[in-house]
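Chains as they are written, first to last, in my numbering: chain A, 1 to 292; chain B, 1001 to 1251.
Next up, the structure:
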């Protein structure tokens, strides 16, 4: 029983990074009704960019690395918007989708090329801290990952629900034509959405690096899959859905890893997705209509 | 000089001439009615003026300036707003936020810096919006989600949203569709009160009771071309109009 709760809690804490990745997919989908498949790769790319600080200032504290990953993620998000969406006919759904697949492969290849395909170490914080409650433990670094992720989500929700930018973003996602006629520059709002999701992605990548201890190009594909699963389970376009689904998938996979082993766990995650697609295809929080 | 002037405006969709060489001129302060059977090009005309798609040929001038090639989101700045026949509200925003989006206009935003413009909060916005909410009879529902409003209330909110952009020209696309006669009466009062405040209105409508009661001038379209223009009384007496409406099938 203790094993169960131990792996559940570790999984839920790590699942906050899945939630961030899921938010990135779901927000772009909500606003533009497009999938940005390069998102998880760009997030890992952002995390790698954070490491560049260590090349310049050897011994820079981890928090500086994380912050640089955050900024680099935002920059990458903007570049993805420019290359895959801005100059590509938006009315052709396949064109932008294929462009993002191309971007996914490109980012992946650049990382493989620059690191010779080898995993690199990633700095962590509080990795020597261990909270104990009897036999039950909470890893300090995972707690930090969870706290940072939650902070970013809180910031995002405040941005979405308390500011003019958030208002414009939600208006565009609900009624693009009317938003245009209300004087909103839809292109600008779309670009901002990519920058914001990119920032979240950069921090998600950094948090994954911090909790695993290494970054490797092998991360991009499973992270893309997990992000999409989280998005579908949460409900396409729903930010709260992505948050809950991220924690759910994190906890679920870690419990199954405990009992069935690392090679089998993703099978069960796929099974969970299957169950959702059959019994609740709209996800946990399918956004209500409001768009024609 | 006319406020809105269409000269030889055409719009083709493939081989279909939805609007075909249309000349219109709407004077400042008028309520101008646009009539015609289904498919006669009324809505296409409204879409062309509001910039949802480009002209095939011809020109549209507003206050003496050409609108050709002006991006849709910038037309608001010149003073053009519209409503839709199939209501297009921001369903998951509250009533007052729907108006806030519209009021968050470029004129307003130009006064702020980048951060105030994007990251500014809601303070002060609600007070500015209140008069409009009262005008539309929605003040008591300002925190309701737009999608939870009744049909009539949604129509009122859409009109209020268009007004929140402070337009000089308001395009109303079948504002009375689906309304009962009491609601049509209220709408008529609102349109007349808007005209009284100096807003020019281009009204596309099938409800004759409304059109004949509020318009100063009416143009009738058929197959994308203007077949008649005149005062409501002249239009009612016009044989070509009767033929277009009653000739083939009863509309």
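From the three backbone atoms N, C-alpha and C, an ideal C-beta is built for every residue, glycine too.
Since this is a predicted model, take the numbers as computed values, not measurements.
- For residue 1013(B), the secondary structure class from DSSP, reduced to helix, strand or coil, is strand.
- At least one CB of chain B lies nearer than 7 angstroms to the CB of residue 183(A).
- Considering only 1093(B), 1165(B), 1126(B), 1204(B), the residue with the shortest C-alpha distance to residue 1154(B) is 1093(B).
- Residue pairing by DSSP puts residue 1225(B) in a beta bridge opposite 1222(B).
- Residues of chain B with a Cβ closer than 8 angstroms to the Cβ of residue 175(A) are, in chain order, 1088, 1089, 1090, 1091.
- For residue 1230(B), DSSP records a beta bridge to 1218(B).
- Counting C-beta atoms within 10 angstroms of its own C-beta, residue 174(A) has 16 or more neighbours from the protein chains shown and is therefore classed as buried.
- The beta carbon of residue 1090(B) sits closer than 8 angstroms to the beta carbons of 1097, 1098, 1101, 1146 from its chain, once the five residues preceding and following it are set aside; these are given in chain order.
- Collapsing the DSSP output to three states places residue 1205(B) in coil.
- Runs of beta strand (DSSP E) with 3 or more residues, each lying fully within the stretch 1123 to 1191 of chain B, are found at 1169 to 1173, listed in chain order.
- Taken in chain order, the whole alpha helix (DSSP H) runs of length 4 or more contained in the stretch 209 to 241 of chain A are 220 to 234.
- Inter-residue distance for residue 1138(B) and residue 146(A) is about 43 angstroms (C-alpha atoms, whole angstroms).
- With distances taken between CA atoms, residue 1084(B) lies nearest to 1205(B) out of 1002(B), 1205(B), 1060(B).
- For residue 1080(B), the secondary structure class from DSSP, reduced to helix, strand or coil, is strand.
- Per DSSP, the continuous beta strand (DSSP E) segment holding residue 133(A) begins and ends at 130 to 133.
- About 7 angstroms separates the Cβ atoms of residue 140(A) and residue 127(A), confirming a contact at the 8 angstroms cut-off.
- 149(A) is the residue among 10(A), 149(A), 119(A), 183(A) whose C-alpha sits nearest the C-alpha of residue 67(A).
- The three-state secondary structure of residue 163(A), taken from DSSP, is coil.
- Runs of the alpha helix (DSSP H) lying entirely within the stretch 141 to 209 of chain A and spanning at least 4 residues, in chain order: 164 to 174, 176 to 181.
- For residue 17(A), the enclosing alpha helix (DSSP H) covers residues 2 to 32.
- Under the Cβ distance rule, residue 124(A) does not count among the residues neighbouring chain B, no pair being separated by less than 7 angstroms.
- Contact of residue 1102(B) with chain A by beta-carbon distance below 8 angstroms involves 182, 183.
- Here residue 1163(B) is near residue 1132(B), since their CB atoms are less than 7 angstroms apart.
- As DSSP reads the structure, residue 1004(B) sits in a beta bridge with 1026(B), 1062(B).
- The alpha-carbon of residue 254(A) is positioned some 23 angstroms away from that of residue 285(A).
- The beta carbon of residue 19(A) does not come within 7 angstroms of any beta carbon belonging to chain B, so the residue lies off that interface.
- The stretch 37 to 49 of chain A and the stretch 66 to 84 of chain A touch, with three or more beta-carbon pairs separated by less than 8 angstroms.
- Burial is judged here by how many other beta carbons sit within 10 angstroms of a residue's own beta carbon; residue 103(A) has at least 16 and is buried.
- Along the length of the stretch 24 to 97 of chain A, whole alpha helix (DSSP H) runs at least 4 residues long occupy 39 to 56, 62 to 81, reported in chain order.
- Straight across, the Cα-Cα distance linking residue 1026(B) with residue 1039(B) is about 22 angstroms.
- Here residue 276(A) carries a helix assignment [DSSP, helix/strand/coil].
- Cα atoms of residue 227(A) and residue 280(A): separation of roughly 18 angstroms, rounded to the nearest angstrom.
- Straight across, the Cα-Cα distance linking residue 8(A) with residue 194(A) is about 32 angstroms.
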